[in-house]
Amino acid sequence: MIKSKSATRLTPAVNTQLSTSIITKPPKMSRCLLSVAITSSLLLVGCGDDDNDRVVSYDTTVETINAFSTDQIDNGFGLGNTATPDAKCDIKIEKINYPTVGAAGERTNATAALMLPSGDSADCQGDRPILLYAHGTTTDKDYDFSQVANTQNPAAAEATLIAANFAAQGYIVVAPNYAGYDESDLDYHPYLVADQQAADMVDALEGARTVIEREQRVNDTDYTSIDDSGKLFISGYSQGGHVAMATARLLEQQNEPVTAIAPSSGPYALAAFGDFIFRGNVNVGATRFAPLLAVGLDKKYKNIYSNTSDIFSAQYANTQLPSMQTFGELVNAGKLPDNALFQSKPTNNTILDQLPTSNLPFAFLGFDDDKYLIKTDFRAAYVADALQNQDGLIAQTGVLPAENPQNPLRKALKDNDLRGYIPTMPTLLCGGNQDPTVYYDINTGSMAAILQQAGSDPASNLNVTVLDVDLSGDRGEVTSIGSAMSNPWMSTTILDNVQGRFSATLSAVQQQAVANAQAAGVTDPTLLQQAAATAVLANYHGGLVSAACTQATREFFNQEFKAS
Numbered sequence: 069m070i071k072s073k074s075a076t077r078l079t080p081a082v083n084t085q086l087s088t089s090i091i092t093k094p095p096k097m098s099r100c101l102l103s104v105a106i107t108s109s110l111l112l113v114g115c116g117d118d119d120n121d122r123v124v125s126y127d128t129t130v131e132t133i134n135a136f137s138t139d140q141i142d143n144g145f146g147l148g149n150t151a152t153p154d155a156k157c158d159i160k161i162e163k164i165n166y167p168t169v170g171a172a173g174e175r176t177n178a179t180a181a182l183m184l185p186s187g188d189s190a191d192c193q194g195d196r197p198i199l200l201y202a203h204g205t206t207t208d209k210d211y212d213f214s215q216v217a218n219t220q221n222p223a224a225a226e227a228t229l230i231a232a233n234f235a236a237q238g239y240i241v242v243a244p245n246y247a248g249y250d251e252s253d254l255d256y257h258p259y260l261v262a263d264q265q266a267a268d269m270v271d272a273l274e275g276a277r278t279v280i281e282r283e284q285r286v287n288d289t290d291y292t293s294i295d296d297s298g299k300l301f302i303s304g305y306s307q308g309g310h311v312a313m314a315t316a317r318l319l320e321q322q323n324e325p326v327t328a329i330a331p332s333s334g335p336y337a338l339a340a341f342g343d344f345i346f347r348g349n350v351n352v353g354a355t356r357f358a359p360l361l362a363v364g365l366d367k368k369y370k371n372i373y374s375n376t377s378d379i380f381s382a383q384y385a386n387t388q389l390p391s392m393q394t395f396g397e398l399v400n401a402g403k404l405p406d407n408a409l410f411q412s413k414p415t416n417n418t419i420l421d422q423l424p425t426s427n428l429p430f431a432f433l434g435f436d437d438d439k440y441l442i443k444t445d446f447r448a449a450y451v452a453d454a455l456q457n458q459d460g461l462i463a464q465t466g467v468l469p470a471e472n473p474q475n476p477l478r479k480a481l482k483d484n485d486l487r488g489y490i491p492t493m494p495t496l497l498c499g500g501n502q503d504p505t506v507y508y509d510i511n512t513g514s515m516a517a518i519l520q521q522a523g524s525d526p527a528s529n530l531n532v533t534v535l536d537v538d539l540s541g542d543r544g545e546v547t548s549i550g551s552a553m554s555n556p557w558m559s560t561t562i563l564d565n566v567q568g569r570f571s572a573t574l575s576a577v578q579q580q581a582v583a584n585a586q587a588a589g590v591t592d593p594t595l596l597q598q599a600a601a602t603a604v605l606a607n608y609h610g611g612l613v614s615a616a617c618t619q620a621t622r623e624f625f626n627q628e629f630k631a632s
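Those letters in the sequence shown? Residues 69 to 632, by my numbering.
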């Protein structure tokens, strides 16, 4: 049954924390970091006159990290509340190190997990589809998607969820860590720089395909039972939703075939999202995102600031992300505020002090009298331009970015806004309407409106499904665009199941929060409601919606797009 509903409400989420019962093995070096020469290992001298104009040509290498049986996946991964199906395949986890470029075009390297299915089942051998997966935002430098089930690594929850839902179901999974993370020698991350992040993803895919081909040539038993079928699926969550969509756009431009895509909860309408936040609607997690975004954009455009102290308050201006310290450690050390992005009113700035107070129940967390991240004069200059050169979505005059923004940051956000992209391959957009981190209506909602308009032309050949997993508040729309209504899953109970599980897990999280508060002696109904609301904020984006959209993505890809 397909529903179409509307309204809004606040609700909780699922925790994808892993069971610590599984014992992970240390990295195996059976192939001793076999080097796969995509390019020469020599230092190449550049064509310029400067003797220092040298370019390092990185090699692509591969190492074995771990392996898991179906029994370990089913019983040791701790994913029982995520609708993850029983494993069909054993999986082997490799890590590739591949050449790519930074936001300024500088040569660098990055790493990616390469997950290989294995086993006797027909689902685990022969021609296998590839899932190219883009992960969500992290401030942790050591984030490594190859560390499946290793609870000591910050990537473990997301990596394990994807491994069990895709590699263990017969997909070859390629999941980049991105430039700036893990063993990358780039000293920043090009966060949401669409062209760079898409190129990074494609570089990882090419590196993985080269590794597979080369390993098959030397009869490596980890590779000889599988082949790249040529079917390519692209997905990602949060930051990864934006990256997945940008990657699909790049591959389309390159005339490379993409079977289907499923971006989830991504900040696609980046310019509108930025304007909405700067006007005072501060999202949960803002102080994680802002430093990554400002530095990455400045590396590309070189005009966001002259010094980090131009944009960030003095006590935080020298904090570098990604970091070997966790976000909590950075906050405790006074290197970042927990969520305070802006100065509280009064700021003594007429423009800012006249802005209406946000209606979002959590936006107050984004303000502080003293310990706030972004300098008030920088915010005021941004807002002044946003008021004069308004984004159509924010001004409610349309859904497209401002035609002529003048502020350098607003120009950069517009350049990386994806509202102009119309995907031609089968597409699922998934999210939850009460997301406090990546606002659904601004991002997924605006993309849906644009695609609906494009899909009204019969010649568009669009096949797009937009899924809101959250039924609360009389929402939970399932929107079919173009030919999407004829997709096989539309005649099943799959979407009902996704939304139903979301609702059940949401209620369970609320009930658990209330029970925990009562066990601590809380009896006041208002305080109990606050405990439930706090659990929502902590879990909604990174837990509940992530798990639900992973389930929906797997089911979407398992339609006729994927060879059985």
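Backbone N, C-alpha and C define an ideal beta-carbon position, used for all residues, glycine too.
By the beta-carbon neighbour count (other beta carbons within 10 angstroms, threshold 16), Val286 is exposed. Shown here, Leu428 sits in coil according to DSSP, grouped into three states, outside any helix or strand. Comparing C-alpha distances from Thr495 to each of Glu623, Gln307 and Thr355 shows the shortest one belongs to Glu623. Beta-carbon to beta-carbon, Glu162 and Ile133 are separated by about 6 Å, close enough to satisfy the 8 Å threshold. In the three-state reduction of the DSSP assignment, Val169 falls in the strand class, which pools E and B. Taking C-beta atoms as the reference points, Pro331 and Gly364 fail to come closer than 8 Å.
Counting C-beta atoms within 10 angstroms of its own C-beta, Asn371 has fewer than 16 neighbours from the protein chains shown and is therefore classed as exposed. Here the C-alpha atom of Asp459 lies approximately 18 Å from the C-alpha atom of Val506. In the DSSP assignment, Ser303 falls within the unbroken beta strand (DSSP E) covering Ile294 to Tyr305. For Gly353, the CB contacts under 6 Å within the same chain, skipping 5 residues up- and downstream, are Thr505 in chain order.
Rounded to the nearest angstrom, the Cβ distance from Val566 to Gln502 is 16 Å, too far for a contact under 8 Å. The closest CA to that of Ala235, considering only Pro153, Ala314, Ala262 and Leu260, is found on Pro153. Here DSSP, grouped into helix, strand and coil, assigns Phe357 to helix. Within its own chain, the residues whose Cβ lies closer than 7 Å to the Cβ of Pro473, once the five positions on either side in sequence are excluded, are Asp453, Asn457, Lys479 and Lys482, listed in chain order.
Fewer than three pairs of CB atoms, one per stretch, sit closer than 8 Å, so the stretch 588-606 makes no contact with the stretch 514-527.
By the neighbour-count definition (other C-beta atoms within 10 Å, threshold 16), Leu595 is an exposed residue.
Beta-bridge analysis with DSSP links Pro331 to Gly304. Taking C-alpha positions only, Ala603 is separated from Thr219 by approximately 22 Å. When DSSP states are grouped into helix, strand and coil, Gly146 belongs to the coil group. With a cutoff of 8 Å on beta-carbon distance, Gly348 and Tyr201 are scored as not near each other. Per DSSP, reduced to three states, the secondary structure at Cys157 is coil, with no helix or strand assignment. Put simply, of Ile419, Asp437 and Asn417 the residue whose alpha carbon is nearest the alpha carbon of Phe410 is Asp437. As computed with DSSP, Val534 is found in a beta bridge with Leu497 and Thr547. Within the stretch 253-296, complete beta strand (DSSP E) segments of at least 3 residues are not found at all. Just so you know, the alpha carbons of Ala190 and Ile240 end up roughly 14 Å apart. In this chain, Ser186 is not harboured by any alpha helix (DSSP H); it is covered by the beta strand (DSSP E) spanning Arg175 to Ser186. Annotation: Thr206 is outside any beta strand (DSSP E) and is labelled neither H nor E by DSSP.
Distance from the Cα of Gln265 is smallest, within the candidate group Leu229, Ala178, Lys403 and Ser391, for Ala178. Judged by DSSP secondary structure, Ile240 falls within the beta strand (DSSP E) whose first and last residues are Ile240 to Pro244.
A contact between stretches requires three or more CB pairs, one per stretch, nearer than 8 Å, and the stretch 484-494 fails this requirement with the stretch 370-390. Residues of the same chain with a CB within less than 6 Å of the CB of Pro359, apart from the 5 flanking positions on each side, are Leu389 in chain order. Here the C-alpha atom of Pro244 lies approximately 30 Å from the C-alpha atom of Leu468. Secondary structure at Ser575: helix, using DSSP grouped into helix, strand and coil. The shortest CA-to-CA distance from Gly148 to any of Thr228, Lys160, Leu563 and Pro185 is the one to Thr228. Annotated as proximal: Asn475 and Ala449, with beta-carbon spacing under 8 Å.
Comparing C-alpha distances from Thr176 to each of Asn400, Gln321, Tyr336 and Gly248 shows the shortest one belongs to Gly248.
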